[in-house]
Amino acid sequence: MSDNAKSRAATLAHLRSADFAKGDPIPLPLTMASIFHAPGDATGFDQYGRFSNPTWHAVEHALGHLEDAQCVAFPSGMGAISAAFFALLKSGDRILLPSDGYHTTRALAERFLKPLGVAFDVRPTASILDGGFAGYRLVFVESPSNPRLDICDITAVAMAVHAQGGTLIVDNTTMTPFGQRPLDLGADIVVSADTKAINGHSDVLFGHVASRNPDIVTRVKDWRETAGGIPGPFEAWLVHRGLETLEVRFDRMCSSAETIARRLKDHRAVSGLRFPGLEGDASHNLARAQMERFGFLISFELASEEQAEAFIDGCPLIEAATSFGGVHTSAERRSKRGDAVPPGFVRLAIGCEPVEELWQAIETSLDKVAN
Ligand SMILES: Cc1ncc(COP(=O)(O)O)c(C=O)c1O
44 MSDNAKSRAA TLAHLRSADF AKGDPIPLPL TMASIFHAPG DATGFDQYGR FSNPTWHAVE
104 HALGHLEDAQ CVAFPSGMGA ISAAFFALLK SGDRILLPSD GYHTTRALAE RFLKPLGVAF
164 DVRPTASILD GGFAGYRLVF VESPSNPRLD ICDITAVAMA VHAQGGTLIV DNTTMTPFGQ
224 RPLDLGADIV VSADTKAING HSDVLFGHVA SRNPDIVTRV KDWRETAGGI PGPFEAWLVH
284 RGLETLEVRF DRMCSSAETI ARRLKDHRAV SGLRFPGLEG DASHNLARAQ MERFGFLISF
344 ELASEEQAEA FIDGCPLIEA ATSFGGVHTS AERRSKRGDA VPPGFVRLAI GCEPVEELWQ
404 AIETSLDKVA N
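Residues 44 to 414 (the working numbering) make up the sequence shown, in order.
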């Protein structure tokens, strides 16, 4: 971890203490309120639950500390992505999306942007620079892409998009601000499904938009307040609590993923293994240059749908689940969700279990399906 990341991690838990009065609770209190005492001049304080809430302020402050940007919280990752699109796009615009990223982002464009006159094209993440960005009001990338873990050069994409007058959004869900810093690399906006590693306990959906451009932040906030897609205070409180251990969890998950990916590569049942941290992976050189860690997602193929299901179900330390980033290791056969991958393609999301115990369970289950 870089010195900057260590310093952000160290101060995260003490962000609130600068404003403490004697007797204040040290952990964040939860404010469940739709109305606030609001006599006289109606500016500069919390007034109504759709406008603001002290628990949101705290989680946005903590996220902003990690992103080094202003953050706007949403009730899910898709809520954050939708807000960025609907706040910035207008009829006649054209946008570019990854063909191999999270499928619901493309569904949003197809089912809700296109009918409003916003056209979209798709390109694979690894070759997103090919063809340039002329005519695109907005370019959206997900690096590494979920689930194949391809990477694009975010700095090069940002420069090329800006040269054409466009805006670059990076979905940084799989990396968190501790693994990759797209705003430092030149992106205009980060969106994140905090449902995943940022909350980390698989008990809440959440998301955020981060930007260092005040106009973008104002528009996104205005969209939230007007459209009403606001996070619940309790969810914000849970995410704030999750954030306090993000660095510890993420560090463990990424380190374990490095160990497990190396061992999986040598297993006879496994083919097509992808992990950006492995020398020889198509993403490795770029990953070394632009990511602070290699992440906790690994993808690979087993011979058939049956083998993949048997591997997942037969491993007592893997939960069969369609998400990632939680303390529990989980896995899913992604063709089940409509991703364009073979039936035996598995996305494995490493959790916080001790790595040797986790590997033993994975190896035993793989040995069983390979026999
Ligand atoms: C990369 C990525 N972005 C966005 C989302 C959407 O997040 P949410 O389910 O919180 O709406 C997901 C969900 O899996 C995702 O994997």
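Positions of the beta carbon are idealized from the N, C-alpha and C atoms, including for glycine.
- Here the distance from the Cβ of residue 238 to the nearest heavy atom of ligand 1 is below 8 Å.
- In the assembly as shown, residue 338 is a buried residue. Its beta-carbon has 16 or more other beta-carbons within 10 Å.
- The alpha carbon of residue 215 has as its nearest neighbour, out of 307, 145, 359, 401, the alpha carbon of 145.
- The alpha-carbon of residue 84 is positioned some 44 Å away from that of residue 162.
- Scanning 395, 206, 129 for the CA closest to the CA of residue 229 turns up 206.
- DSSP places residue 334 within a strand segment (E or B) once states are collapsed to three.
- By the beta-carbon neighbour count (other beta carbons within 10 angstroms, threshold 16), residue 242 is buried.
- The beta carbon of residue 145 sits closer than 8 Å to at least one heavy atom of ligand 1.
- Assignment of beta-bridge partners to residue 341 by DSSP yields 391.
- At a Cβ-Cβ threshold of 9 Å, residue 375 and residue 383 do not count as neighbours.
- Assignment of residue 149 by DSSP, reduced to helix, strand and coil, places it in the helix class.
- Within its own chain, the residues whose Cβ lies closer than 6 Å to the Cβ of residue 398, once the five positions on either side in sequence are excluded, are 299, 302, listed in chain order.
- Under the three-pair Cβ rule at 8 Å, the segment 91 to 102 counts as touching the segment 269 to 286.
- With a cutoff of 9 Å on beta-carbon distance, residue 175 and residue 334 are scored as not near each other.
- Cβ-Cβ distances below 7 Å link residue 58 to 104, 105, 108 in the same chain, with the five nearest sequence neighbours on each side left out; the list follows chain order.
- A Cβ-Cβ distance of about 4 Å is found for the pair residue 190 and residue 390, placing them in contact under the 8 Å criterion.
- Within 8 Å of the C-beta of residue 183 there is not a single heavy atom belonging to ligand 1.
- Nearest C-alpha to residue 292 among 52, 381, 140: 52.
- By the neighbour-count criterion, in which a residue is buried when 16 or more other Cβ atoms sit within 10 angstroms of its Cβ, residue 239 is buried.
- Fewer than three pairs of CB atoms, one per stretch, sit closer than 8 Å, so the segment 151 to 167 makes no contact with the segment 399 to 412.
- Scanning 151, 141, 135, 172 for the CA closest to the CA of residue 160 turns up 135.
- 128 is the residue among 60, 114, 128, 81 whose C-alpha sits nearest the C-alpha of residue 148.
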